[in-house]
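Okay, so here's the structure we're looking at.
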């Protein structure tokens, strides 16, 4: 069965430097994530960035904080309000976004006034945080330049469902970059979509149909014209976390391709495992492993191309806990 991910190619992921153990925090410390620095570093090429050090703030330094309008906050010194680094952080975000067009994801330091993606405190008069939280200045500028890029905060990656979702998107983004290098053609676009059909069905069944219709209307149109729209909508769909119910629907579709090939006892075993998965008794990897076994015995060219079966390297073990 063809693997959907290359064993040799390591996708590039940008990451807040402190998460890899670099002592760049305002207090001279770090926030090393063992998940990132050990488990994930075998599979990804990390691009380590620290905007606060890059714009000239020292180590150690006074902390900065967000103040003002949560939608457009300013980043200022927590002690010296005259220190305003809003523009330097924004400009560095724009600069790094332009410099790193080959990355496939970004892991940001949570709650940071420069790098936090959400729930960053924005302080008001008398030091109280606003009811609405903000986004770090640098992260906002970087993400605005790469709206389809998979991004996540370090703390959320401890959730196995969110971790699997993020890394699935990273590999989908990497595959799309490879397609862009080869050149967008009608055939390349339809083949890419064909490979992602069951993965899409698991993440967003409605968008699965919408994107199928979008490509069905290619006709004589230039595929370049819809490629950007297609990929943007694909990444939005994959951002939705698949559920046990939607995974079960896909498992049933896949098992349907075996109905002429396997024995009644094998079919019964398959259905029992799918039901056990649906009810939370076994993880997703259990019915999937049996499905892969049967497809090795009874190859199906269409199924062998489905990214759903292996959207990320097997030894990342991302489906053992979902």
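Numbering (the numbering used here), first residue to last: 1 to 322.
Note that CB positions come from ideal geometry on N, CA and C, so glycine has one too.
Same chain, Cβ closer than 6 angstroms to residue i, five either side skipped, listed in chain order
| i | result |
| --- | --- |
| residue 136 | 112, 113, 114, 115, 116, 120 |
| residue 201 | 208, 250 |
| residue 255 | 270 |
| residue 65 | 78, 113, 123 |
| residue 169 | 150, 238 |
Contact set for residue i: own chain, Cβ-Cβ below 8 angstroms, skip 5 residues either direction
| i | result |
| --- | --- |
| residue 147 | 232 |
| residue 37 | 19, 20, 21 |
| residue 173 | 11, 104, 105, 148, 149, 150, 235 |
| residue 98 | 145 |
| residue 186 | 218, 223 |
| residue 157 | 33, 35, 36, 107, 163, 166 |
Close beta carbons around residue i, own chain, < 7 angstroms, minus the five adjacent residues each side
| i | result |
| --- | --- |
| residue 86 | 74, 75, 137 |
| residue 94 | 141, 145 |
| residue 248 | 274, 277, 278 |
| residue 134 | 66, 70, 73, 120, 122 |
| residue 182 | 188 |
Which listed residue (the options) has its alpha carbon closest to that of residue i
| i | options | result |
| --- | --- | --- |
| residue 226 | 40, 193, 239, 248 | 193 |
| residue 273 | 79, 244, 142 | 244 |
| residue 206 | 187, 288, 246, 216 | 246 |
| residue 13 | 197, 288, 149 | 149 |
| residue 293 | 282, 45, 312, 270 | 270 |
| residue 299 | 280, 262, 317, 279 | 262 |
| residue 16 | 132, 52, 43 | 52 |
| residue 240 | 164, 195, 259 | 164 |
| residue 102 | 110, 45, 88 | 45 |
| residue 310 | 237, 280, 196 | 196 |
| residue 92 | 62, 54, 204 | 54 |
| residue 96 | 48, 63, 84, 133 | 48 |
| residue 90 | 82, 320, 188, 72 | 72 |
| residue 34 | 155, 199, 242, 180 | 155 |
| residue 25 | 166, 88, 110 | 110 |
| residue 305 | 238, 266, 57, 199 | 199 |
| residue 128 | 68, 321, 259, 214 | 68 |
| residue 81 | 260, 179, 125 | 125 |
| residue 303 | 191, 211, 178, 213 | 191 |
| residue 266 | 242, 295, 280 | 295 |
| residue 50 | 291, 39, 31 | 31 |
Residue range of the unbroken beta strand (DSSP E) whose run includes residue i
| i | result |
| --- | --- |
| residue 26 | Looking at the DSSP string, residue 26 is not in any beta strand (DSSP E), and its letter there is neither H nor E. |
| residue 49 | 45–49 |
| residue 74 | 74–77 |
| residue 151 | 151–153 |
Cα-Cα separation between residue i and residue j, rounded to whole angstroms
| i | j | result |
| --- | --- | --- |
| residue 151 | residue 221 | 32 angstroms |
| residue 78 | residue 285 | 48 angstroms |
| residue 218 | residue 224 | 10 angstroms |
| residue 301 | residue 313 | 21 angstroms |
| residue 288 | residue 252 | 11 angstroms |
| residue 276 | residue 282 | 6 angstroms |
| residue 7 | residue 316 | With a pLDDT of 49 at residue 7, under the threshold of 50, the predicted position of this residue should be treated as unreliable, and no value is reported. |
| residue 27 | residue 297 | 58 angstroms |
| residue 345 | residue 70 | Here the chain has residues from 1 to 322 only, and residue 345 is not among them. |
| residue 184 | residue 230 | 12 angstroms |
| residue 84 | residue 41 | 35 angstroms |
| residue 204 | residue 228 | 19 angstroms |
| residue 1 | residue 216 | Here residue 1 scores only 42 on pLDDT, less than 50, and its place in the model is too uncertain to base an answer on. |
| residue 23 | residue 319 | 33 angstroms |
| residue 29 | residue 60 | 9 angstroms |
| residue 108 | residue 153 | 5 angstroms |
| residue 160 | residue 259 | 32 angstroms |
| residue 162 | residue 175 | 20 angstroms |
| residue 291 | residue 212 | 25 angstroms |
Start and end residues, alpha helix (DSSP H) containing residue i
| i | result |
| --- | --- |
| residue 288 | 285–297 |
| residue 232 | 223–239 |
| residue 82 | Run containing residue 82: none; DSSP gives neither H nor E here. |
| residue 148 | No alpha helix (DSSP H) contains residue 148, which DSSP labels as neither H nor E. |
| residue 304 | 301–304 |
| residue 165 | 160–182 |
| residue 205 | 205–216 |
| residue 315 | Premise fails: residue 315 is in no alpha helix (DSSP H) and is neither H nor E. |
| residue 307 | No alpha helix (DSSP H) contains residue 307, which DSSP labels as neither H nor E. |
| residue 274 | 264–278 |
| residue 187 | 186–195 |
| residue 251 | 244–256 |
Sheet register partners of residue i (DSSP bridge)
| i | result |
| --- | --- |
| residue 123 | 67, 129 |
| residue 105 | 13 |
| residue 134 | 120 |
beta-carbon residue i near the ligand COA non-hydrogen atom, thresh 7 angstroms
| i | result |
| --- | --- |
| residue 213 | Of ligands this structure carries none, so the ligand COA is not represented either. |
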